[in-house]
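Student:
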Amino acid sequence: MLSALIWIPILGAIIVGLLPLESKQSRWVTLAISLIPCLVSGVLMGQFDPSLADLQFLENLPWLEDLGLSYRLGLDGLSLLLVILNALLTVVAVYITPADILRARLYYPLVLVINAGVAGAFLSHNLLLFFLFYELELIPLYLLISIWGGERRAYAGTKFLIYTAISGILVLAGFLGLTWLSHAPSFEYNPLISQGLPMTAQLLLLGSIIVGFGIKIPLFPFHTWLPDAHVEASTPISVLLAGVLLKLGTYGLLRFGLGLFPEAWAVLAPYLAWWAVVSVLFGALAAIAQTDMKKMVAYSSIGHMGFVLLAAAAATPVALIGTVFQMVAHGLISGLLFLLVGVVYKKTKTRDIMVLKGLLNPERGLPLIGSLMVLGVMASAGMPGMVGFISEFLIFRGSFAAYPVQTLLCMVGTGLTAVYFLLLVNRTFFGRLPEEFTNLPVVSWGERVPGIILGLIIVILGLQPSWMVRWTETTITAMGNDATIVANKIALPKAAALSSPDPLLID
Amino acid sequence: MTSLVSPTTSHPFEAVIQRLEQGQSMLPDSPTNLLEVVGILESYGYVLNAYEINLRYIADQQFLVLFPFFKYMNGDVTLPRLLKHWWHDRINYEFAEYCMKAMLWHGGGGLDAYLDSPEFIERANQAIAAKTAGNFIVQGFNKLSPEFLLEQVRQMCYYRALGQFWEIMSRMFLTLADRYYRGEIKSIPDVVHHVKDGLVADAATPITYTVNIKGKAYDIIPKSVGLTFLVDTAIPYVEAVFYRSLPFMGTLSYNAQAQQVPSDQGDFVYGALYADPIPAGGAGIPPTLLAKDMIRHLPPYLLEYHKTFGRGESDLSVKAIQSFQKSMFCVTSAAILGLAPHPWDTADPAERAANRKHFEAWVDRLVESGSRLSRVQD
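Protein sequence lines correspond, in order, to chains A and B.
Numbering-wise (this note's numbering), the first sequence opens with residue 5 and increments by one.
Numbering-wise (this note's numbering), the second sequence opens with residue 20 and increments by one.
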């Protein structure tokens with residue numbers, strides 16, 4: 005079943021690439037193909053037992069045994085929601101792609117390959133297999149930016165390629181070092197694998213992995229590829245990039261950083277918490293300085309991903325649930341925001357908030373798009389009633405006991421989110437519609453539907469967070485407990501931070 | 020033959036002034052302008068008819084009703100009517116009140132002067148005494164604040180006066196539409212002449228107000244006061260509603276403390292000739308109310324025309340206000356021509372020079388105060 009999430013998109017990519025279809029037809033075929041993983045994800049969700057912490061739907065096939073590589077897939081509470089998010093946002097990305105896109109027979113297969121690669125990465129329980137999928141999405145994304153991007157696409161694409169290639173090298177170095185130093189027989193995922201290693205080795209390996217995934221997330225100061233990539237990427241690719249691909253970094257941190265190096269993690273955790281603070285505040289302050297809507301949303305991603313690092317550093321059960329919530333919430337919210345910025349750009353031909361004004365005008369502006377944008381920025385700023393509030397509340401509630409100062413500083417970052425997004429909404433959507441925008445093209449219902457769906461999910465999960473938490477709670481609690489047990493063994497001063505007795509707040 | 024047009028000057032709106040000198044309109048003559056103006060004036064005629072019926076109903080039947088919950092019902096307070104009202108399947112009578120209040124506030128003309136006269140106060144007090152007879156609470160309040168009910172009666176006078184004014188204007192616009200369908204109106208100048216002739220024909224129509232209280236008639240504005248349609252309602256109306264009006268929320272931040280609102284209300288420029296059509300469609304904006312009402316009665320040919328550009332039917336409010344603004348420049352042109360010191364086609368050079376001065380003064384006022392005159396020249 006899990007293989008379907010990987011191989012159907014791959015097969016689909018081959019079909020779309022080979023069939024001599026018009027770009028419009030390619031879009032519909034790709035949409036149909038991308039819906040299959042969505043449906044499969046739904047079925048998996050239905051059959052998933054949330055009371056089990058172990059991997060479910062396991063698939064284990066020997067592959068290159070001499071190398072320690074096996075085709076080992078599994079699903080747990082950490083990966084389930086991300087797999088669903090990947091499937092959903094791929095459908096959205098395909099749907100919002102212009103019907104007349106050039107070189108459709110290359111474009112759509114690349115999108116499908118990304119979908120397969122991301123799904124594979126989330127499902128892999130072999131380090132080498134994860135790395136293969138982690139790297140698999142690199143080339144398609146590079147091509148998608150470099151071919152269908154904006155004016156500086158070549159620069160942005162190359163920068164993305166270099167940064168993420170280095171990210172991959174560091175992650176691979178961490179995996180290789182861990183397996184070889186621990187004399188493990190294979191690259192199979194094993195939470196206890198690092199226990200026999202000296203602390204110095206653990207710290208070095210974990211450091212390599214953290215920096216590797218830190219580039220992908222991205223965290224300050226490894227973030228510079230992201231704003232360029234977002235600005236130059238087309239809207240569907242920005243949706244995928246922010247909504248799904250950045251989550252590979254945070255997922256990797258949790259699964260392979262905290263999961264494989266609990267002892268070293270406990271040592272580095274205070275520094276990671278401060279790193280999170282720097283990343284959050286930098287992202288927020290940089291966002292305030294932007295005049296390009298897309299860049300503003302891109303910098304907001306840097307800030308919001310910092311919250312995940314804070315919670316991962318605290319590693320309390322509540323904070324860890326917050327990380328998953330934040331990953332999904334950010335995927336939905338940033339996906340929505342990039343989508344809306346794309347519609348604004350398509351209609352007005354600019355993203356400059358110093359030029360745009362009055363777009364909420366009911367008859368000649370983009371009132372529904374503006375309303376959804378207000379909803380999106382409110383969700384991003386953590387307004388109650390929306391998914392962003394739940395995730396940030398869980399993170400701050402779970403992290404405060406371990407890192408009160410850092411948590412409070414990160415909360416300032418949330419306040420700054422409200423500042424820059426209110427600047428965006430106020431300048432762009434309120435006031436009098438300027439003369440040059442009084443004849444904007446109509447936004448069709450087809451263009452509105454994806455935003456409405458994402459907006460609805462953001463509100464529904466904000467009102468009913470338990471619908472999401474129940475799938476992930478058991479896995480995350482077990483993960484937190486494992487980390488706590490191991491960290492306690494070496495009686496680190498900060499172990500108390502990891503063993504916070506906070507009960508889960510959400511049933 | 021003497022030229023009706025003065026030698027060309029360097030005035031930036033020379034073309035507009037020349038059109039006025041020829042008895043035409045500030046709005047250029049074109050087939051689409053004609054279609055828009057006649058079409059929107061037809062729908063406006065129907066809307067004005069509804070407004071004036073309600074204004075007169077309020078003046079006559081809601082006289083000093085302190086809580087007039089059903090004032091927009093015209094006496095038809097039934098559940099189906101209420102449901103339609105709450106569902107907003109109705110005429111926005113609030114816009115008529117908005118115009119009435121603009122007139123009340125800006126004043127001008129004989130009506131304003133009369134409402135401050137001892138005769139009015141005496142007549143109004145008689146009506147107040149009759150209306151509040153037996154109501155000791157209201158009588159007590161009236162003793163404490165004798166100006167309050169008096170001011171309410173003044174407002175009622177404006178309800179009534181505006182109702183009478185619009186009754187004539189409504190008929191005038193619907194007649195214009197009939198003449199257009201008969202092929203008698205073929206150009207914008209024809210529209211201007213129709214309006215000007217209508218204003219002149221009804222110029223002396225008396226403005227009166229008699230209210231019936233407990234079976235007895237009280238003349239608040241008797242015919243003997245001599246208030247007439249043109250001088251005492253039409254001209255103050257043009258000044259109050261077309262030029263000055265009131266600042267309304269929703270389009271600009273009117274910050275009186277930052278002196279964004281003129282301290283002298285004579286300098287107000289928030290009227291129909293200045294209104295920005297683009298915000299139309301937003302809730303709480305008076306032009307939106309009017310636009311929605313006009314759209315209900317838009318003639319099919321104008322609806323079809325509006326569908327051909329912009330966003331089709333989805334930005335009709337903006338288009339309706341744009342067309343309405345054009346039509347108001349025609350009506351204002353008729354008023355300017357009507358107020359000219361001499362007939363526009365006079366051959367006397369001195370009279371023509373005086374007319375020219377008159378036209379220039381009006382155009383300068385519109386231009387300098389930032390009206391939309393330049394926007395309707397295309």
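Here a beta-carbon is modelled for each residue, glycine too, at the ideal position from N, C-alpha and C.
What's the C-alpha gap between A319 of chain A and Q278 of chain B?
Tutor: 57 Å
Student: Name the chain A residues whose beta carbon is nearer than 9 Å to that of R330 of chain B?
Tutor: Using a Cβ-Cβ cut-off of 9 Å, R330 of chain B is close to E367, R368, N443, L444, P445, V446 of chain A, given in chain order.
Student: Is R31 of chain A close to chain B, meaning its C-beta is less than 8 Å from at least one C-beta of that chain?
Tutor: no
Student: Going by DSSP in three states, S212 of chain A sits in which element: helix, strand or coil?
Tutor: helix
Student: Chain A beta carbons: is any one of them nearer than 8 Å to that of P362 of chain B?
Tutor: no
Student: Compare the Cα-Cα distances from D141 of chain B to each of B:A369, B:L168, B:L101, B:W185 and report the closest residue.
Tutor: In the sequence as displayed, the identity of residue 141 of chain B is Glu instead of Asp. Considering only alpha carbons, the answer is B:L168.
Student: Kindly list the residues whose CB is nearer than 8 Å to the CB of L392 of chain B, restricted to its own chain and excluding five residues on each side of it in sequence; keep chain order.
Tutor: Result list for L392 of chain B: F32, V35, M45, L292, F348, V382, L385, V386, in chain order.
Student: Which residues does DSSP list as the beta-bridge partners of T229 of chain B?
Tutor: B:D238
Student: Could you tell me whether the Cβ atoms of R198 of chain B and H213 of chain B are closer together than 8 Å?
Tutor: yes
Student: Interface residues of chain B around R157 of chain A at Cβ under 8 Å?
Tutor: Within chain B, no residue comes near R157 of chain A; the closest Cβ sits about 33 Å away, beyond 8 Å.
Student: Where in the region 306-388 of chain B do unbroken runs of the alpha helix (DSSP H), each at least 4 residues long, occur, reported from the N-terminal end onward?
Tutor: 319-326, 335-358, 368-387
Student: Can you find a C-beta in chain B that's less than 8 Å from the C-beta of L360 of chain A?
Tutor: no
Student: Taking the alpha carbon of T479 of chain A as the point to measure from, which residue in A:V243, A:G450, A:R259 has its own alpha carbon closest?
Tutor: A:R259
Student: Give the range of the beta strand (DSSP E) segment to which Y200 of chain B is assigned.
Tutor: Counting along the chain, Y200 of chain B falls outside any beta strand (DSSP E), though it belongs to the alpha helix (DSSP H) covering 165-200.
Student: Determine the burial state of S55 of chain A: buried for a count of at least 16 other Cβ atoms within 10 Å of its Cβ, exposed for fewer.
Tutor: exposed
Student: How would you label L127 of chain A, buried or exposed, when you count the other beta carbons within 10 angstroms and need 16 or more for buried?
Tutor: Answer is buried; the Cβ neighbour count reaches 16.
Student: Looking at C-alpha atoms only, which residue of A:L364, A:L145, A:G335, A:F265 is the closest neighbour of A91 of chain A?
Tutor: For the options A:L364, A:L145, A:G335, A:F265, the alpha carbon positioned closest to that of A91 of chain A is the one of A:G335.
Student: Can you list the alpha helix (DSSP H) stretches of 4 or more residues lying completely in the region 137-211 of chain A, in chain order?
Tutor: 142-152, 157-185
Student: Consult DSSP for R76 of chain A and reduce its assignment to one of helix, strand or coil.
Tutor: strand
Student: Just tell me which of B:R315, B:G129, B:V210 has its CA closest to the CA of S243 of chain B.
Tutor: B:G129
Student: Shortest alpha-carbon distance to P47 of chain B belongs to which of B:A353, B:K345, B:A373?
Tutor: B:K345
Student: Kindly say whether L9 of chain A, judged by its beta-carbon, lies nearer than 8 Å to any beta-carbon of chain B.
Tutor: no
Student: Please list the residues of the region 132-148 of chain A that have a C-beta atom closer than 7 Å to any C-beta atom in chain B, keeping them in chain order.
Tutor: Residues of the region 132-148 of chain A that bring their beta carbon within less than 7 Å of a beta carbon in chain B are absent altogether.
Student: Measure the beta-carbon distance from I304 of chain B to A339 of chain B and round it to whole angstroms, keeping in mind my assumption that it falls under 8 Å.
Tutor: Wrong, their Cβ atoms sit about 13 Å apart, outside the cutoff.
Student: Measure the CB-CB distance between F192 of chain B and L60 of chain B and report whether it falls below 8 Å.
Tutor: yes
Student: Among the residues of its own chain, which have a CB less than 6 Å from the CB of L74 of chain B, if the five just before and after it don't count?
Tutor: Here the set comprises A115, Y178, L181, G182.
Student: Given this structure, state the Cα-to-Cα distance separating H104 of chain B from R368 of chain A, to the nearest angstrom.
Tutor: 27 Å
Student: Report the start-end ranges of each alpha helix (DSSP H) in the region 224-278 of chain A that is 4 residues or longer and not cut off at the edges.
Tutor: 229-236, 239-244, 250-256
Student: Can you check whether the CB of P144 of chain A is closer than 8 Å to the CB of V117 of chain A?
Tutor: yes
Student: Counting C-beta neighbours from all protein chains within 10 Å, is the total for G468 of chain A 16 or more, i.e. buried, or is it exposed?
Tutor: Per the sequence shown, residue 468 of chain A should be read as Gln rather than Gly. Exposed, because fewer than 16 other Cβ atoms sit within 10 Å of the Cβ of Q468 of chain A.
Student: Is the region 397-409 of chain A touching the region 367-382 of chain A, taking contact as three or more C-beta pairs under 8 Å?
Tutor: These segments do not touch.
Student: Tell me, please, whether the region 417-434 of chain A touches the region 355-363 of chain A by the rule of three or more beta-carbon pairs shorter than 8 Å.
Tutor: yes
Student: Helix, strand or coil: which one does DSSP assign to S206 of chain B?
Tutor: coil
Student: Specify whether the region 158-169 of chain A and the region 92-99 of chain A touch according to this definition: at least 3 beta carbon pairs, one from each stretch, less than 8 Å apart.
Tutor: no
Student: Does any C-beta atom of chain B lie closer than 8 Å to the C-beta of R436 of chain A?
Tutor: yes
Student: What does the alpha-carbon distance come out to for the pair L509 of chain A and A323 of chain A?
Tutor: Because the pLDDT of L509 of chain A is 39, which lies under 50, any placement of that residue in the model is unreliable, and the number read from its coordinates should be weighed accordingly. Roughly 11 Å separates the two Cα atoms.
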